[in-house]
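Protein chains: 2
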Amino acid sequence: MATPSDGARTVTARAQRADARRSVEAILGAAVACLARDPEASVVEVAAAAGVGRVTLYSHFKTRADLVDAALVRTVERADQILDGTDTTGDPVEALTRLVASSWQIVDQFRNILLAATRELPAERIRSVHDRILRRIQTLIERGQRTGALRTDLPKRWMLTTVFSLIHAAAEDAAAGRVKVDQASGLITATLVAAFTPPGAMVPAVASGGQRL
Amino acid sequence: MATPSDGARTVTARAQRADARRSVEAILGAAVACLARDPEASVVEVAAAAGVGRVTLYSHFKTRADLVDAALVRTVERADQILDGTDTTGDPVEALTRLVASSWQIVDQFRNILLAATRELPAERIRSVHDRILRRIQTLIERGQRTGALRTDLPKRWMLTTVFSLIHAAAEDAAAGRVKVDQASGLITATLVAAFTPPGAMVPAVASGGQRL
Chain A
1 MATPSDGART
11 VTARAQRADA
21 RRSVEAILGA
31 AVACLARDPE
41 ASVVEVAAAA
51 GVGRVTLYSH
61 FKTRADLVDA
71 ALVRTVERAD
81 QILDGTDTTG
91 DPVEALTRLV
101 ASSWQIVDQF
111 RNILLAATRE
121 LPAERIRSVH
131 DRILRRIQTL
141 IERGQRTGAL
151 RTDLPKRWML
161 TTVFSLIHAA
171 AEDAAAGRVK
181 VDQASGLITA
191 TLVAAFTPPG
201 AMVPAVASGG
211 QRL
Chain B
1 MATPSDGART
11 VTARAQRADA
21 RRSVEAILGA
31 AVACLARDPE
41 ASVVEVAAAA
51 GVGRVTLYSH
61 FKTRADLVDA
71 ALVRTVERAD
81 QILDGTDTTG
91 DPVEALTRLV
101 ASSWQIVDQF
111 RNILLAATRE
121 LPAERIRSVH
131 DRILRRIQTL
141 IERGQRTGAL
151 RTDLPKRWML
161 TTVFSLIHAA
171 AEDAAAGRVK
181 VDQASGLITA
191 TLVAAFTPPG
201 AMVPAVASGG
211 QRL
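Residue numbers (the UniProt record's numbering), protein chains in the order written: chain A, 1 to 213; chain B, 1 to 213.
Below is the structure:
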């Protein structure tokens, strides 16, 4: 049975766990904010912004890569929630255009976090963090293939790679000033819609709003 | 006028420079060989393979990133020479298919060096090292646009990004086992040929050898 002193220890342990959770939340929030401003933001800057000491930060995140990873995971979780609001029903080509447009808005907003992740984490890790978002795209591709709107002669996984890598390449291009932010979504869509048109079929013209012309 | 002792110093300095050049060549050759085998190859492994001490290696390459950068530059120089042998005349779509096929063979052969570079260097640096190769592709795209074979409604720079990022994405996919090495070139080509078809035109079917069907 618990003695009073055991009980006091339990309360203390519980308070410490709550403390730790608050620290982690503060650090994560600060990491997302700092990295969104500056992909090179240091661990020291993040600790200062979170109002915790470096020792506390390092007790939760052993390396800068761990911190960037956690910030990416948090950002992609939010992105996935935002994408819940995108209508992916109806004409698959138009739905793909809407999904790309929403994804681009999110990628552009959090572009610096993606750049930080690209510099700090293996490409495979970045892809696997996007798993839920990739599944949204895959579901849409599968539907487009069933209806005949999208080509069926390429493996789904490669089509997924095409979507993922073009959106991320556009983020690099925008960061480097090669592509204008407000044109990127249209470029990605125009490229993907043509890329996924079945051989022998006509490439549809798509308006920037996503409607077939 | 040079005194005999000045002359001796000049001879020594010249010998030292020749020595340094040989060391750099040995280190670069070892770096390309080691990284091609294992993208995680360490500086110590490269020094051992080059038959030089770590101090000598670090006197020429201050960081592992510098070494990977030099290995990438050397590899891309060779790639550019190999691409000299690829016929980019004739039908632009067929020429693009041949250029992609040759590029893929090189990327596949040196895939680990590219992976090492992706982990160690900024994406922009990797792209700028490929400048001469990108210009080959750009020249072909421009010719295809002039003849009407390729779409003109997308900026050339974005079309270049599309080619570059899909070839490199295929390398990641091949490394991760998502794409079979001997199918990658066909997938990239099929995707690009459709992506670059003018809206309103029919996506051509292209054989794996690059001929229009």
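Virtual Cβ for every residue (Gly too), placed ideally from N, Cα, C.
Fair warning: this is a prediction, and the values are worked out from it, not measured in the lab.
(request) Tell me, please, whether the stretch 65 to 82 of chain B touches the stretch 158 to 172 of chain B by the rule of three or more beta-carbon pairs shorter than 8 angstroms. (result) Flag = no, the stretch 65 to 82 of chain B and the stretch 158 to 172 of chain B do not touch.
(message) My assumption, with CB atoms under 8 angstroms, is that Ala50 (chain B) sits in contact with Ala26 (chain B). Please give the rounded CB distance.
(response) 4 angstroms
(message) Would Asn112 (chain A) pass as an interface residue toward chain B - the criterion being a Cβ-Cβ separation below 7 angstroms?
(response) no
(message) My parser needs the alpha helix (DSSP H) runs of 4 or more residues fully inside the stretch 4 to 29 of chain B; what are they?
(response) none
(request) Return the bridge partner residues of Met202 (chain A) from the DSSP annotation. (result) Looking at the DSSP assignment, Met202 (chain A) forms a beta bridge with B:Met202.
(message) So within the stretch 90 to 168 of chain B, which uninterrupted alpha helix (DSSP H) runs reach at least 4 residues, ignoring any that extend past its ends?
(response) 92 to 109, 111 to 120, 123 to 129, 131 to 147
(message) Is the separation between the beta-carbon of Ala194 (chain B) and that of Thr86 (chain A) shorter than 7 angstroms?
(response) Going by C-beta atoms, Ala194 (chain B) is not nearer than 7 angstroms to Thr86 (chain A).
(message) Measuring only the C-alpha atoms, how far is Thr10 (chain A) from Ile82 (chain A)?
(response) 39 angstroms
(request) Figure out for me which residue from A:Arg37, A:Leu99, A:Arg54 has the closest Cα to the Cα of Leu140 (chain A). (result) A:Leu99
(message) Less than 7 angstroms between the C-beta atoms of Asp173 (chain B) and Val179 (chain B), yes or no?
(response) yes
(message) Please report the straight-line C-alpha distance between Gln105 (chain B) and Val55 (chain A), rounded to a whole angstrom.
(response) 49 angstroms
(message) Looking at Ile126 (chain A): is its Cβ nearer than 7 angstroms to the Cβ of Ala116 (chain A)?
(response) no
(message) For chain B, check one thing: does any of its Cβ atoms lie closer than 7 angstroms to the Cβ of Asp66 (chain A)?
(response) Chain B contact via Cβ: absent.
(message) By alpha-carbon positions, which one of A:Ala31, A:Val73, A:Asp38, A:Ala36 ends up nearest to Tyr58 (chain A)?
(response) A:Ala31
(request) In the DSSP assignment, find the alpha helix (DSSP H) that holds Val46 (chain A) and state where it starts and stops. (result) 43 to 50
(request) Please state whether DSSP places Thr88 (chain B) in a helix, a strand or coil. (result) Correct three-state label for Thr88 (chain B): coil.
(request) Would you check if the distance between the CB atom of Val107 (chain B) and the CB atom of Leu72 (chain B) is smaller than 7 angstroms? (result) no
(message) Suppose you measure from the CA of Gln145 (chain A) to the CA of Arg37 (chain B); what does that come to, to the nearest Å?
(response) So the alpha carbons of these two residues sit roughly 39 angstroms apart.
(message) Closer than 9 angstroms between beta carbons: that is the criterion. Which residues of the stretch 127 to 153 of chain A meet it against chain B?
(response) Sequence-ordered contacts of the stretch 127 to 153 of chain A with chain B read Arg127, Arg151, Asp153 [C-beta pairs closer than 9 angstroms].
(request) Report the three-state DSSP secondary structure of Thr63 (chain B) (helix, strand or coil). (result) coil
(message) Taking the alpha carbon of Lys156 (chain B) as the reference point, which residue from B:Arg119, B:Thr88, B:Pro39, B:Arg135 has its own alpha carbon closest?
(response) B:Arg135
(request) Return the chain-ordered list of same chain residues with a C-beta closer than 7 angstroms to the C-beta of Ala70 (chain B), the five sequence neighbours on each side being excluded. (result) Cβ neighbours of Ala70 (chain B) beyond the five flanking positions: Leu28, Ala31, Phe61.
(request) With 7 angstroms as the threshold, decide whether the Cβ of Thr189 (chain B) is near any Cβ in chain A. (result) no
(request) State the DSSP-derived secondary structure class of Asp80 (chain B), mapped to helix, strand or coil. (result) helix
(message) If you follow the alpha helix (DSSP H) that Gly186 (chain B) is in, where does it begin and where does it stop?
(response) From DSSP, the alpha helix (DSSP H) with Gly186 (chain B) extends over 181 to 195.
(message) Between the alpha carbons of residue 238 (chain A) and Ala170 (chain A), how many angstroms are there, rounded?
(response) Here chain A has residues from 1 to 213 only, and residue 238 (chain A) is not among them.
(request) Would you mind giving the Cβ-Cβ distance between Leu121 (chain B) and Val68 (chain B), rounded to the nearest angstrom? I have them listed as a contact below 8 angstroms. (result) 6 angstroms
(request) Verify the CB distance criterion: does Thr178 (chain B) have a CB-CB separation below 7 angstroms to chain A? (result) Per the sequence presented here, residue 178 (chain B) reads as Arg, with Thr not at that position. Judged by the 7 angstroms Cβ criterion, Arg178 (chain B) is in contact with chain A.
(request) Can you say whether Thr63 (chain A) is buried or exposed, counting buried as having 16 or more other CB atoms within 10 angstroms of its CB? (result) exposed
(message) Buried or exposed for Arg151 (chain A), going by 16 or more other Cβ atoms inside 10 Å?
(response) Taking a 10 Å sphere around the C-beta of Arg151 (chain A), we find 16 or more other C-beta atoms and assign the residue as buried.
(message) Let me check understanding here. Comparing Cα to Cα, which of A:Cys34, A:Ala201, A:Glu94, A:Ser102 lies closest to Asp153 (chain A)?
(response) A:Ala201
(request) Select from the stretch 4 to 30 of chain B all residues with a C-beta closer than 8 angstroms to any C-beta belonging to chain A, and list them in chain order. (result) Per Cβ criterion, the list is empty.
(request) Whole angstroms is fine: what's the gap from Arg119 (chain A)'s alpha carbon to Ala101 (chain A)'s? (result) 25 angstroms
(message) Please identify the residue among B:Ala33, B:Gly90, B:Thr97, B:Arg132 whose C-alpha is closest to the C-alpha of Pro204 (chain B).
(response) B:Thr97
(request) Taking Leu160 (chain B) as the reference, give the member of B:Gly177, B:Glu142, B:Ala176 with the closest Cα. (result) B:Glu142
(message) Within 10 Å of its beta-carbon, does Glu124 (chain A) have 16 or more other beta-carbons around it, so buried, or fewer, so exposed?
(response) exposed
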